[in-house]
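Right, one structure below, let's go through it.
Number of protein chains: 2
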Amino acid sequence: MRVAVCQLALAVGNIEANRAAGLDAVNRACDEGADLVVLPELSDSGYVFASLAEARSLASPLSESATIAAWVSLANERDVAIAGGWCELGADGRLYNSAALVGPDGLCAVYRKLHLWDREREVFLPGDQLSPLIEIDGVRIGLAICYDLEFPELIRLLALAGVDLVVVPTNWPASAVPEGERPIEFVKAQANAATNGIWIALADRCGEERGVSWVGYSTILDPEGFPMAPPLEPDGPGMVIAEIDALRSRAKSITENNDLFADRREDVYELTVRSSSSR
Amino acid sequence: MRVAVCQLALAVGNIEANRAAGLDAVNRACDEGADLVVLPELSDSGYVFASLAEARSLASPLSESATIAAWVSLANERDVAIAGGWCELGADGRLYNSAALVGPDGLCAVYRKLHLWDREREVFLPGDQLSPLIEIDGVRIGLAICYDLEFPELIRLLALAGVDLVVVPTNWPASAVPEGERPIEFVKAQANAATNGIWIALADRCGEERGVSWVGYSTILDPEGFPMAPPLEPDGPGMVIAEIDALRSRAKSITENNDLFADRREDVYELTVRSSSSR
Numbered sequence: 001m002r003v004a005v006c007q008l009a010l011a012v013g014n015i016e017a018n019r020a021a022g023l024d025a026v027n028r029a030c031d032e033g034a035d036l037v038v039l040p041e042l043s044d045s046g047y048v049f050a051s052l053a054e055a056r057s058l059a060s061p062l063s064e065s066a067t068i069a070a071w072v073s074l075a076n077e078r079d080v081a082i083a084g085g086w087c088e089l090g091a092d093g094r095l096y097n098s099a100a101l102v103g104p105d106g107l108c109a110v111y112r113k114l115h116l117w118d119r120e121r122e123v124f125l126p127g128d129q130l131s132p133l134i135e136i137d138g139v140r141i142g143l144a145i146c147y148d149l150e151f152p153e154l155i156r157l158l159a160l161a162g163v164d165l166v167v168v169p170t171n172w173p174a175s176a177v178p179e180g181e182r183p184i185e186f187v188k189a190q191a192n193a194a195t196n197g198i199w200i201a202l203a204d205r206c207g208e209e210r211g212v213s214w215v216g217y218s219t220i221l222d223p224e225g226f227p228m229a230p231p232l233e234p235d236g237p238g239m240v241i242a243e244i245d246a247l248r249s250r251a252k253s254i255t256e257n258n259d260l261f262a263d264r265r266e267d268v269y270e271l272t273v274r275s276s277s278s279r
Numbered sequence: 001m002r003v004a005v006c007q008l009a010l011a012v013g014n015i016e017a018n019r020a021a022g023l024d025a026v027n028r029a030c031d032e033g034a035d036l037v038v039l040p041e042l043s044d045s046g047y048v049f050a051s052l053a054e055a056r057s058l059a060s061p062l063s064e065s066a067t068i069a070a071w072v073s074l075a076n077e078r079d080v081a082i083a084g085g086w087c088e089l090g091a092d093g094r095l096y097n098s099a100a101l102v103g104p105d106g107l108c109a110v111y112r113k114l115h116l117w118d119r120e121r122e123v124f125l126p127g128d129q130l131s132p133l134i135e136i137d138g139v140r141i142g143l144a145i146c147y148d149l150e151f152p153e154l155i156r157l158l159a160l161a162g163v164d165l166v167v168v169p170t171n172w173p174a175s176a177v178p179e180g181e182r183p184i185e186f187v188k189a190q191a192n193a194a195t196n197g198i199w200i201a202l203a204d205r206c207g208e209e210r211g212v213s214w215v216g217y218s219t220i221l222d223p224e225g226f227p228m229a230p231p232l233e234p235d236g237p238g239m240v241i242a243e244i245d246a247l248r249s250r251a252k253s254i255t256e257n258n259d260l261f262a263d264r265r266e267d268v269y270e271l272t273v274r275s276s277s278s279r
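In order, the protein sequence lines correspond to chains P and Z.
The numbering of the first sequence is my numbering, which starts it at 1 and goes up by one.
The numbering of the second sequence is my numbering, which starts it at 1 and goes up by one.
Here is the structure:
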């Protein structure tokens, strides 16, 4: 499977232009042979809302979202899968920071961000369920969004459930990084991939929005935790495209005597999904 | 608290020379004002055993270990705490890859490695309990050994139990690292520190032993996951010494609205110590 992550410059409130930027990126990825394209978090609404009212004005229910409808249509036209974030208005009238995965035949999965960052709490309710796993071309795909990736429990549970590839729409707000170091969000993503022997495809934003700039570093990490290509600089849009192989994420054996999963000491510690949250 | 990690060149079987190298390093760290000194894994026996019989010939019970006795004596003489690995002969007649923490008044804690790497399984039994936490100068210290650090569950549980500093005697066997990348073991260590907002002090070996060379990268990581000084090159012995502050590892708040622990979704996933393993 050929995966593309698209780093985009978006602007809060410009929902049509943002959607068009996403569709344009998917088209370019398809021209490069992509089978799956990952777009950033909240890729239609933008991120730095001035108020709950502004966010609400940019939200749409799954069934009425022009963004999701356009993704489904393009996925069908180009025979591709698309994952990305949109601003969801729930049936309960509340907003969710959500991501969808669509394929040529329509919607495959929806996931609501479990771990909300900073002022997102003023706008969104968090989800209450792990991502479902969807198999496409023999690759089992799960979703996570941005700050979710900083909770190793979540990625471990997706891995134990059999995920090969976690796709991560993200908006990483930039903060100071010591000279010679990488952003710690990226380091945590690497550790998640290597710890679990899985692929991670991460699409971030670039540019600046209402005083917030972004980390960039869109990337595809291999099951050893290393980027398949240099992570993207934050100064502009771009794309990373790489071939991923589910055989590598299925092989958890790392030495003749070691296995990433079997070596876990389940007799000493226990990590479980709470039953009320499992699908 | 001033912490030193000592990267040593050791040789399997040269138990007296290895012990002397450790004591010498502790003395030098004390000359630099260290309050706590961390030595590598299996710092008296060496690592690449030719056979179980060889390992057995290099093992000693806690109460009869000349290495532990020398650490206790030096800790008293120099008013310092010392953590390091030794080859333990258990009361059950089995060998353990163990670490001890000693202070001026004697032994503080013993920990047996929970996650065994590769051919260690032919020699050692794994432990069955998390490290206890020991408070020294207001800093709560826990132990982990080498491959343990690749299981985020373990470090998370130590953090949730209140650890400020995890000291990690290690012997990281070197493997190929893509150009421009850091060894993934180091990346995982960074992620553990940042994910939990804790200090990690890691002492590795250097040089080569029976065809195995070591990663080096001895380091002290801050609660943001960044090294306090450049990690040590693997080509020779060395020391990193840095001041750590338990106030920083107690502050889990990372934005006005985010807390590394409170943000965990305990309603969705659950991580627990199995009761039979708790101390």
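Yeah, the Cβ is synthetic: ideal placement off N, Cα and C, and Gly gets one too.
Values in this document were obtained by computation on a predicted structure and should not be read as measured data.
Local Cβ density within 10 Å of residue i, reported as buried at 16 or more and exposed below that
{"i": "residue 65 of chain Z", "result": "buried"}
{"i": "residue 247 of chain Z", "result": "exposed"}
{"i": "residue 261 of chain Z", "result": "exposed"}
{"i": "residue 264 of chain P", "result": "buried"}
{"i": "residue 32 of chain Z", "result": "exposed"}
{"i": "residue 85 of chain Z", "result": "buried"}
{"i": "residue 203 of chain P", "result": "buried"}
{"i": "residue 229 of chain Z", "result": "exposed"}
{"i": "residue 164 of chain P", "result": "buried"}
{"i": "residue 18 of chain P", "result": "buried"}
{"i": "residue 275 of chain Z", "result": "exposed"}
{"i": "residue 287 of chain Z", "result": "Outside the modelled stretch of chain Z, which goes from 1 to 279, sits residue 287 of chain Z, for which no answer is possible."}
{"i": "residue 191 of chain Z", "result": "buried"}
{"i": "residue 278 of chain P", "result": "For residue 278 of chain P, the pLDDT reaches just 48, beneath the cut-off of 50, and the residue's location in the model is therefore unreliable, although a value from the coordinates is still provided. The residue in question, residue 278 of chain P, is exposed, as its Cβ has fewer than 16 Cβ neighbours within 10 Å."}
{"i": "residue 50 of chain Z", "result": "exposed"}
{"i": "residue 46 of chain P", "result": "buried"}
Reference residue i; option with closest CA among the options
{"i": "residue 245 of chain P", "options": "P:267, P:199, P:272", "result": "P:199"}
{"i": "residue 160 of chain P", "options": "P:250, P:257, P:12, P:2", "result": "P:250"}
{"i": "residue 212 of chain Z", "options": "Z:172, Z:70, Z:165", "result": "Z:172"}
{"i": "residue 67 of chain P", "options": "P:22, P:93, P:152", "result": "P:22"}
{"i": "residue 174 of chain P", "options": "P:90, P:117, P:136", "result": "P:117"}
{"i": "residue 71 of chain P", "options": "P:48, P:99, P:157, P:50", "result": "P:99"}
{"i": "residue 113 of chain Z", "options": "Z:76, Z:135, Z:151", "result": "Z:151"}
{"i": "residue 240 of chain Z", "options": "Z:252, Z:222, Z:163", "result": "Z:222"}
{"i": "residue 123 of chain P", "options": "P:130, P:93, P:134", "result": "P:93"}
{"i": "residue 10 of chain P", "options": "P:42, P:37, P:26, P:4", "result": "P:42"}
{"i": "residue 153 of chain Z", "options": "Z:180, Z:61, Z:196", "result": "Z:196"}
{"i": "residue 143 of chain Z", "options": "Z:168, Z:224, Z:78, Z:19", "result": "Z:168"}
{"i": "residue 7 of chain Z", "options": "Z:24, Z:105, Z:226", "result": "Z:24"}
{"i": "residue 106 of chain P", "options": "P:134, P:147, P:271", "result": "P:134"}
{"i": "residue 29 of chain Z", "options": "Z:225, Z:252, Z:115, Z:75", "result": "Z:75"}
{"i": "residue 48 of chain P", "options": "P:236, P:235, P:208", "result": "P:208"}
{"i": "residue 177 of chain Z", "options": "P:225, P:181, P:5, P:238", "result": "P:225"}
{"i": "residue 16 of chain Z", "options": "Z:69, Z:37, Z:38, Z:4", "result": "Z:69"}
{"i": "residue 54 of chain P", "options": "P:237, P:149, P:13", "result": "P:13"}
Bridge partner(s) assigned by DSSP for residue i
{"i": "residue 280 of chain Z", "result": "With chain Z represented from 1 up to 279, any question about residue 280 of chain Z goes unanswered, as that position is not in the structure."}
{"i": "residue 258 of chain P", "result": "P:255"}
{"i": "residue 110 of chain Z", "result": "Z:100"}
{"i": "residue 210 of chain P", "result": "In the DSSP output, where bridge partners are listed per residue, residue 210 of chain P has none listed."}
{"i": "residue 30 of chain Z", "result": "Beta-bridge pairing links residue 30 of chain Z to no other residue."}
{"i": "residue 124 of chain P", "result": "P:95"}
{"i": "residue 239 of chain Z", "result": "Z:6"}
{"i": "residue 147 of chain P", "result": "In the DSSP output, where bridge partners are listed per residue, residue 147 of chain P has none listed."}
{"i": "residue 205 of chain P", "result": "P:8"}
{"i": "residue 269 of chain P", "result": "Z:273"}
Any non-hydrogen atom of the ligand SAH closer than 8 angstroms to residue i Cβ
{"i": "residue 67 of chain P", "result": "Of ligands this structure carries none, so the ligand SAH is not represented either."}
Rounded Cβ spacing between residue i and residue j (contact assumed at less than 8 angstroms)
{"i": "residue 166 of chain P", "j": "residue 155 of chain P", "result": "6 angstroms"}
{"i": "residue 188 of chain Z", "j": "residue 194 of chain P", "result": "6 angstroms"}
{"i": "residue 87 of chain P", "j": "residue 52 of chain P", "result": "Actually they are not in contact, since the Cβ atoms of residue 87 of chain P and residue 52 of chain P sit about 12 angstroms apart, beyond 8 angstroms."}
{"i": "residue 102 of chain P", "j": "residue 82 of chain P", "result": "5 angstroms"}
{"i": "residue 220 of chain P", "j": "residue 201 of chain P", "result": "5 angstroms"}
{"i": "residue 56 of chain Z", "j": "residue 35 of chain Z", "result": "With 8 angstroms as the limit, residue 56 of chain Z and residue 35 of chain Z do not qualify as a contact, their Cβ atoms being about 35 angstroms apart."}
{"i": "residue 271 of chain Z", "j": "residue 269 of chain P", "result": "7 angstroms"}
{"i": "residue 125 of chain Z", "j": "residue 96 of chain Z", "result": "6 angstroms"}
{"i": "residue 145 of chain P", "j": "residue 170 of chain P", "result": "7 angstroms"}
_Members of the region 34 to 60 of chain P that neighbour chain Z once the beta carbon cut-off is set at 9 angstroms_ = Per Cβ criterion, the list is empty.
*Using a Cβ-Cβ cut-off of less than 8 angstroms, give me the residues of the region 182 to 194 of chain P that come near chain Z, in sequence order.*
Within the region 182 to 194 of chain P, the residues whose Cβ lies closer than 8 angstroms to some Cβ of chain Z are 184, 187, 188, 190, 191, 192, 194, listed in chain order.
*Mind listing which residues of the region 211 to 227 of chain P have their C-beta closer than 9 angstroms to chain Z's C-betas, in chain order?*
Within the region 211 to 227 of chain P, the residues whose Cβ lies closer than 9 angstroms to some Cβ of chain Z are 224, 225, 226, 227, listed in chain order.
_Positions along the region 119 to 142 of chain Z whose CB lies within less than 9 angstroms of some CB in chain P_ = The region 119 to 142 of chain Z vs chain P, Cβ under 9 angstroms: 119, 120, 121, 122, 126, 127, 128, 129, 130.
*Near-chain Z residues of the region 151 to 171 of chain P (beta-carbon distance less than 8 angstroms), N- to C-terminal order*: Within the region 151 to 171 of chain P, the residues whose Cβ lies closer than 8 angstroms to some Cβ of chain Z are 151, 152, 153, 154, 156, 157, listed in chain order.
_Along the region 255 to 275 of chain P, where does the CB come closer than 9 angstroms to a CB of chain Z? Name the residues._
The region 255 to 275 of chain P vs chain Z, Cβ under 9 angstroms: 255, 256, 257, 258, 260, 263, 264, 265, 266, 267, 268, 269, 270, 271, 272, 273, 274.
*Any residues in the region 2 to 14 of chain P with a beta carbon nearer than 7 angstroms to a beta carbon of chain Z? Which ones, in chain order?*
Of all residues in the region 2 to 14 of chain P, none is placed with a Cβ closer than 7 angstroms to any Cβ belonging to chain Z.
_By the 9 angstroms beta-carbon criterion, what residues does the region 103 to 117 of chain Z contribute toward chain P?_
So the close ones are 114, 115, 116, 117.
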